[in-house]
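The structure appears below as structure tokens.
This is the structure we're talking about:
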């Protein structure tokens, strides 16, 4: 063989080695750390909580729980978590992903101050499993040691605020000043201007109004007015500038989170799983709530826990449901399906992603309708795997 032929043969061998090494190279880049899964994952029954989860949440001010829509099993777990945290760690503040206008109804309902009725039943229906559990729990607790529940999202329609405001005054002591304010708001041509005037008046004379209405009711009313004022410009942008509107909505969530944490010190928030991502991988380009809370200069210690159903169905649009199954033909080196297959259990599974084994090396993470590749702890702090999920009726 000539020197030229040997040179060509050597180049061919080198090329073949490179080609056959590529799959091994890329497989090595994306790999589930099964040793970490086996060491860190904990399975537990639906009516219990693992000690490891409670320990990891014990020093956190902002406990963030991520959801995949209004699932019955998610709400059952959430109620068990809240009750456990209340009993073990005195946590008593919960904010749900729902229109802020209805926050006072959630609060009054779980305290037993509001009963069933057409309007109340309709308002609480997206959260009925959770709210019923907390209401039942609260009624067996002293009045000064109960779980408080409110809501924390913009009002997507002004009727949500108006209807809630009219219902609100029916549950306040009779007061000419309150009725005058409500009537002015409802009949106003320039509603935003009147709202600003009413909010300013009540804020500046809060102690006087509280003598007639009660301090708690006055604070609830001020929060409702403030949220509607913040919602109006976002609603106006919704169809005209989608990206800007969604950024401003996220800013609303961040401001509400800061306010609640500054006032209460420790709060559990439940939002959609997109909002909890610590580094942007999904959705519109903006600083998400989870990104804000995870920044080094943010003064709150948080834990972002996402609850993922393995099988069942998700409601994707009104009453249309989509069947889901993360264990059927999963992608290779995928974290959630690998964890579930290792345990092969009908119980829930808790996986702490803050463990060292999940802080380096990328893995695939299947989050229903999107599979991302990332270092697991760069996205979330923990996962709860539900054996099944089904939308509320």
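Residue numbers (this note's numbering): 7 to 399. We treat Cβ as the ideally placed atom computed from N, Cα and C, and that holds for glycine.
For the stretch 351-392, which segments carrying the alpha helix (DSSP H) assignment without a break, of at least 4 residues, lie completely within its bounds, in sequence order?
382-385
Taking Cβ to Cβ, would you say residue 160 is nearer than 9 Å to residue 105?
As a first step, residue 160 is located in the chain shown; it is residue number 154 there, counting from the start. As a first step, residue 105 is located in the chain shown; it is residue number 99 there, counting from the start. In contact: residue 160 and residue 105 (Cβ atoms closer than 9 Å).
Straight-line CA distance for residue 408 to residue 259?
There is simply no residue 408 to check, as the chain begins at 7 and stops at 399 in what is shown.
Closest Cα partner of residue 358 within the set 342, 370 and 351
Numbered from its first residue, the chain shown carries residue 358 at position 352. Checking every option, the nearest Cα to that of residue 358 belongs to 342.
Rounded to whole angstroms, what's the CA-CA distance from residue 214 to residue 232? Just pull it up for me.
What you label residue 214 is simply residue 208 of the chain shown in a count that begins at 1. What you label residue 232 is simply residue 226 of the chain shown in a count that begins at 1. C-alpha separation (whole angstroms): 19 Å.
Would residue 315 pass as a contact of residue 395 if the rule is Cβ separation under 9 Å?
Your numbering for residue 315 matches position 309 in the chain shown. Your numbering for residue 395 matches position 389 in the chain shown. In this structure, residue 395 lies closer than 9 Å to residue 315 by Cβ.
What residue does the beta strand (DSSP E) around residue 330 start on, and which one ends it?
Along the chain shown, read from residue 1 onward, the residue named residue 330 stands at position 324. Start and end: 326-331.
Helix, strand or coil at residue 126 according to DSSP, with G and I counted as helix:
Counting from 1 along the chain shown, the entry for residue 126 is found at position 120. In the structure shown, residue 126 adopts helical secondary structure according to DSSP, grouped into three states.
State the DSSP-derived secondary structure class of residue 80, mapped to helix, strand or coil.
By 1-based counting over the chain shown, the position of residue 80 is 74. Residue 80 sits in a helix when the DSSP states are folded into three classes.
What is the C-beta distance between residue 3 and residue 109, in whole angstroms, given that I count them as a contact (C-beta under 8 Å)?
The shown model of the chain, from 7 to 399, leaves out residue 3, and the question about it has no answer.
Just curious, the alpha helix (DSSP H) that residue 308 is in, first and last residue?
Here residue 308 is taken as the residue at index 302 of the chain shown, counted from 1. It is not in any alpha helix (DSSP H) - residue 308 instead sits in the beta strand (DSSP E) that spans 308-315.
Are the CB atoms of residue 321 and residue 76 nearer to each other than 9 Å?
By one-based count along the chain shown, residue 321 stands at place 315. By one-based count along the chain shown, residue 76 stands at place 70. It is a contact, given that the beta carbons lie within the stated cut-off.
Going by C-alpha distance, which of 163, 165, 212 and 198 is nearest residue 184?
Against the chain shown, residue 184 aligns to sequence position 178. Ranking the options by Cα distance to residue 184, first place goes to 212.
Taking just the CA atoms, how far does residue 319 sit from residue 399?
Position 393 of the chain shown, counted from the start, is the residue given in the question as residue 399. Position 313 of the chain shown, counted from the start, is the residue given in the question as residue 319. For residue 399 and residue 319, the distance between alpha carbons rounds to 12 Å.
Kindly list the residues whose CB is nearer than 7 Å to the CB of residue 351, restricted to its own chain and excluding five residues on each side of it in sequence; keep chain order.
Looking up residue 351 in the chain shown gives position 345. 49, listed in sequence order.
Which same chain residues end up closer than 6 Å to residue 38 when comparing Cβ atoms and leaving out the 5 residues on each side of it in sequence?
Residue 38 sits at position 32 when you count from the first residue of the chain shown. 339, 341, 344 and 369.
For the beta strand (DSSP E) containing residue 99, list its first residue and its last residue.
Within the chain shown, numbered from 1, the residue matching residue 99 stands at position 93. Residues 99-105.
Under a three-way DSSP split, which group does residue 109 fall into?
Locating residue 109 in the chain shown gives position 103, where the first residue counts as 1. Note: residue 109 maps to helix in three-state DSSP.
With DSSP as the reference, please indicate the residues paired to residue 154 in a beta bridge.
Residue numbering aside, residue 154 sits at position 148 when the chain shown is read from its first letter. For residue 154, which the question treats as bridged, DSSP gives the partners 99.
Please state the DSSP three-state secondary structure of residue 338.
Translated into the one-based positions of the chain shown, residue 338 becomes position 332. Of the three classes helix, strand and coil, the one that applies to residue 338 here is coil, per DSSP.
If you measure between the beta carbons of residue 102 and residue 218, is that distance less than 9 Å?
In the chain shown, counting from the first residue as 1, residue 102 sits at position 96. In the chain shown, counting from the first residue as 1, residue 218 sits at position 212. Against a cut-off of 9 Å, the Cβ pair of residue 218 and residue 102 comes out as no contact.
Spatial neighbours of residue 249 in its chain, beta-carbon cut-off 7 Å, leaving aside the 5 residues before and after
Your numbering for residue 249 matches position 243 in the chain shown. In chain order, 290 place their CB closer than 7 Å to the CB of residue 249, counting only its own chain and leaving out the 5 sequence neighbours on each side.
For residue 30 and residue 367, I'd like the C-alpha separation in whole angstroms.
Within the chain shown, residue 30 is the residue found at index 24, counting from 1. Within the chain shown, residue 367 is the residue found at index 361, counting from 1. Low confidence applies to residue 30: its pLDDT is 40, below 50, so where it sits in the model is not reliable enough to give any reading.
Can you list, in chain order, the residues of its chain with a C-beta nearer than 6 Å to that of residue 332? Leave out the 5 residues immediately preceding and following it.
As a working note, residue 332 is residue 326 in the chain shown. Cβ within range, chain order: 316, 342, 343 and 372.
Segments of 4+ residues assigned as alpha helix (DSSP H) that fall wholly inside the stretch 158-192
Runs of the alpha helix (DSSP H) inside the stretch 158-192: 164-175.
Sort 151, 191 and 186 by Cα distance to residue 168 and report the nearest one.
For this step, residue 168 is matched to residue 162 along the chain shown. For the residues 151, 191 and 186, the minimum Cα distance to residue 168 belongs to 191.
Mind pulling the beta strand (DSSP E) runs of 3 or more residues that sit fully within the stretch 251-285?
273-278
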